[in-house]
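Visitor: Questions regarding the structure given below will be posed in turn.
Residue numbers (full-length UniProt numbering): 1 to 418.
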């Protein structure tokens with residue numbers, strides 16, 4: 001399959017040709033054929049909302065969750081479609097009847113929005129938060145051991161962890177952590193915001209209590225669209241966010257059919273939003289199979305590109321190091337590096353939140369406005385990290401340009417501070 005810039009020109013013509021995209025992981029990008037479907041659905045909805053919302057939308061919702069279920073190899077009745085992974089995590093965590101003193105374990109790499117959700121529960125209910133400190137790169141075995149030590153030290157009610165963490169972007173041992181949770185009778189909430197379309201998933205070997213993934217990041221579905229998986233034993237507990245017309249009391253008397261379809265019934269319609277992205281799931285998967293050559297072809301290209309980007313960055317940024325372990329299990333289509341900030345400012349303190357926020361905001365602004373590209377930065381383990389995402393429309397020259405743009409932006413930042 002001939003991926004790269006020619007592929008981008010043919011299938012992603014809506015993308016800004018003046019912008020060099022190396023950050024697919026944040027918001028995704030949809031091909032032309034999917035965007036055509038998206039616009040058609042919006043127009044159909046707006047042309048006859050009564051017909052669309054009351055008749056067509058429930059049918060398309062059901063069809064779409066069945067398609068996602070086939071992709072994940074799990075029963076469709078255990079799935080719900082929501083707007084994004086953060087909403088899904090909130091949906092789960094704010095449905096569970098926590099009590100004061102219940103312990104929730106999260107890794108230090110937890111996505112900020114999800115960490116704040118747990119913080120909210122601590123401040124309103126009185127749960128206790130235990131942070132599992134991860135200083136990447138680490139082996140998957142070491143990560144699992146860190147969680148095991150936490151579970152051994154105290155009774156944990158729920159553990160929140162990633163399939164692939166955001167910043168730094170690193171694949172986590174989510175299968176092993178899910179099994180560990182079962183061993184210790186801990187509820188597992190798997191934040192797979194970066195998963196569907198990025199890494200292979202098969203629920204025949206994966207049985208969390210709760211799992212979510214964005215579909216608009218790596219699957220080419222337009223924003224906003226995400227899936228939420230709920231183990232059947234929790235269908236009564238989990239309520240929609242917001243709680244809406246479809247609310248069913250956890251203590252309600254239900255028929256067998258109502259029980260089986262409870263999650264689908266609750267989440268099909270929760271309020272007036274655009275449902276166009278849900279209707280694009282089928283088209284997005286058809287594009288991946290028919291045009292891209294299937295999941296394996298996409299994964300192989302993007303992972304291969306990520307390995308090349310890692311080598312390139314080490315040449316372009318002397319002193320940088322790749323966040324990868326010996327078994328090569330952290331890098332996916334996202335590759336994260338420790339940025340050699342000491343080359344620009346030997347005294348820069350990446351552990352200072354205010355200084356780091358100033359640096360990230362200004363360098364981001366300079367990249368976008370001056371250089372028309374964007375490499376996200378963050379702090380991890382007291383150091384500056386930068387993340388690159390690789391996609392079918394990219395070529396290595398994109399990352400060479402982005403590395404130069406970052407160098408110029410960081411130089412300009414420190415020059416402006418003097």
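All C-beta atoms in this analysis are idealised placements derived from N, C-alpha and C, irrespective of residue type, glycine included.
List the endpoints of the continuous alpha helix (DSSP H) containing residue 87.
Guide: 85 to 93
Visitor: By how many angstroms is the C-alpha of residue 117 removed from the C-alpha of residue 101?
Guide: 16 Å
Visitor: Just curious, the beta strand (DSSP E) that residue 128 is in, first and last residue?
Guide: Looking at the DSSP string, the run of the beta strand (DSSP E) that includes residue 128 is 128 to 132.
Visitor: Taking all protein chains shown into account, do 16 or more other C-beta atoms lie within 10 angstroms of the C-beta of residue 242, making it buried, or fewer, making it exposed?
Guide: Taking all protein chains in view, the Cβ of residue 242 is surrounded by fewer than 16 other Cβ atoms within 10 Å, so the residue is classified as exposed.
Visitor: Rounded to whole angstroms, what's the CA-CA distance from residue 398 to residue 22? Just pull it up for me.
Guide: 7 Å
Visitor: Within 10 angstroms of the Cβ of residue 327, are there 16 or more other Cβ atoms? Answer buried if so, exposed if not.
Guide: exposed
Visitor: Classify residue 247 as buried or exposed, calling it buried when 16 or more other Cβ atoms lie within 10 Å of its own Cβ.
Guide: exposed
Visitor: So, does the segment 278 to 291 touch the segment 98 to 114, judging by three or more C-beta pairs under 8 Å?
Guide: no
Visitor: Going by DSSP in three states, residue 190 sits in which element: helix, strand or coil?
Guide: strand
Visitor: When we look at the beta-carbon of residue 47 and count the other beta-carbons within 10 Å, is it buried (16 or more) or exposed?
Guide: exposed
Visitor: Is it buried or exposed, residue 251, if we count other Cβ atoms within 10 angstroms and call 16 or more buried?
Guide: With fewer than 16 other Cβ atoms within 10 Å, it is exposed.
Visitor: Look at the alpha carbon of residue 249 and the alpha carbon of residue 268, and state the distance between them as a whole number of angstroms.
Guide: 17 Å
Visitor: Whole angstroms are fine: how far does the CA of residue 192 sit from the CA of residue 75?
Guide: 18 Å
Visitor: Once DSSP output is grouped into helix, strand and coil, what is the label at residue 50?
Guide: Here residue 50 sits in helix by DSSP.
Visitor: Let's test the definition: count the other Cβ atoms within 10 Å of the Cβ of residue 278 and tell me whether it reaches 16, buried, or not, exposed.
Guide: buried
Visitor: Once DSSP output is grouped into helix, strand and coil, what is the label at residue 406?
Guide: helix
Visitor: For residue 396, which residues from the same chain have a beta carbon less than 6 Å from its beta carbon, with the 5 sequence-adjacent residues on both sides left out?
Guide: 308
Visitor: Which residue from 93, 239, 410, 124 puts its Cα closest to that of residue 340?
Guide: 410
Visitor: Please report the straight-line C-alpha distance between residue 38 and residue 224, rounded to a whole angstrom.
Guide: 11 Å
Visitor: Using the Cα positions of residue 420 and residue 129, report the straight-line distance between them to the nearest angstrom.
Guide: This structure does not reach residue 420, given that the chain is present from 1 up to 418, and the question cannot be answered.
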